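Residue numbers (our numbering): 83 to 322.
Below is one structure, written out as structure tokens; the observations come after it.
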């Protein structure tokens, strides 16, 4: 029985060699001929084990690579599927949004058409009513103009008569007021003349009274101071 180091192909581990298995693996070293020495046989078995371990390692690497490749392919496929699904969902959303927008626009256009039709109908009805109203207003305005002209003529006649009557009354009042003013002025002038005459009379009386008092004072003074002179000559102003 031969043992070796197990592990990588460069350092194989211990493993028993199955000769029958080794013979079935393609590419194995040729079996030594009969009568080969034990050393040659051991060397051949060691090479077979090494080759088998290398083949197993390559197989495992191939399987791992295959699994990784398959996983990568699956992941790529899933990613592509997700991307495609997202694109499809986005296209569906865009299509749905487009349909909704088209429906909204169609509904809006329909509502606009209905609204315009209603507005046009209202405008026609308004124009009809407005025409009738304007015609009636025109007729009424003409009638009012005629009535105003008649009333204006009558008013002018009344105003002229009232103005003439008022002017006559005002002239009469002015004449009466002028007469009353003349009488007031004459009365004021007479009162002023009487006041002035009385003032002159009062002034004369005051002057005479002042002169009399002045003469009496002088005479009294002279009599006290010069009694003899008064008796001989007399005092001026002692006679009234």
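We put the CB at the ideal spot given by N, CA and C, even for glycine.
This one's a predicted model, so the numbers in the text were calculated from it and none came from an experiment.
Do you know offhand how far residue i's Cα is from residue j's?
i           : j           : result
residue 181 : residue 213 : 47 Å
residue 278 : residue 293 : 22 Å
residue 148 : residue 137 : 16 Å
residue 106 : residue 131 : Because the pLDDT at residue 106 is just 43, under 50, the model does not fix this residue reliably, and the value given afterwards should be weighed accordingly. Approximately 13 Å between the Cα atoms of the pair.
residue 152 : residue 167 : 21 Å
residue 102 : residue 143 : Because residue 102 sits at a pLDDT of 39, beneath the cut-off of 50, its placement in the model cannot be relied upon, and the following sentence gives the value as read from the coordinates. Computed Cα separation, rounded: 25 Å.
residue 173 : residue 157 : 23 Å
residue 287 : residue 255 : 47 Å
residue 205 : residue 191 : 20 Å
residue 300 : residue 281 : 28 Å
residue 307 : residue 298 : 14 Å
residue 165 : residue 155 : 15 Å
residue 243 : residue 249 : 10 Å
residue 291 : residue 284 : 10 Å
residue 211 : residue 187 : 35 Å
residue 245 : residue 203 : 59 Å
residue 262 : residue 226 : 50 Å
residue 139 : residue 129 : 15 Å
residue 160 : residue 175 : 22 Å
residue 266 : residue 274 : 12 Å
residue 195 : residue 179 : 24 Å
residue 162 : residue 150 : 17 Å
residue 304 : residue 295 : 14 Å
residue 268 : residue 239 : 43 Å
residue 241 : residue 215 : 36 Å
residue 221 : residue 228 : 11 Å
residue 207 : residue 218 : 17 Å
For residue i, name the three-state secondary structure that DSSP assigns.
i           : result
residue 297 : helix
residue 237 : helix
residue 113 : coil
residue 219 : helix
residue 119 : coil
residue 161 : helix
residue 305 : helix
Mind checking whether residue i and residue j have CB atoms under 8 Å apart?
i           : j           : result
residue 134 : residue 126 : no
Using only the heavy atoms of the ligand GDP, determine whether one of them is closer than 7 Å to the beta carbon of residue i.
i           : result
residue 284 : You won't find the ligand GDP in this model; it holds no ligand whatsoever.
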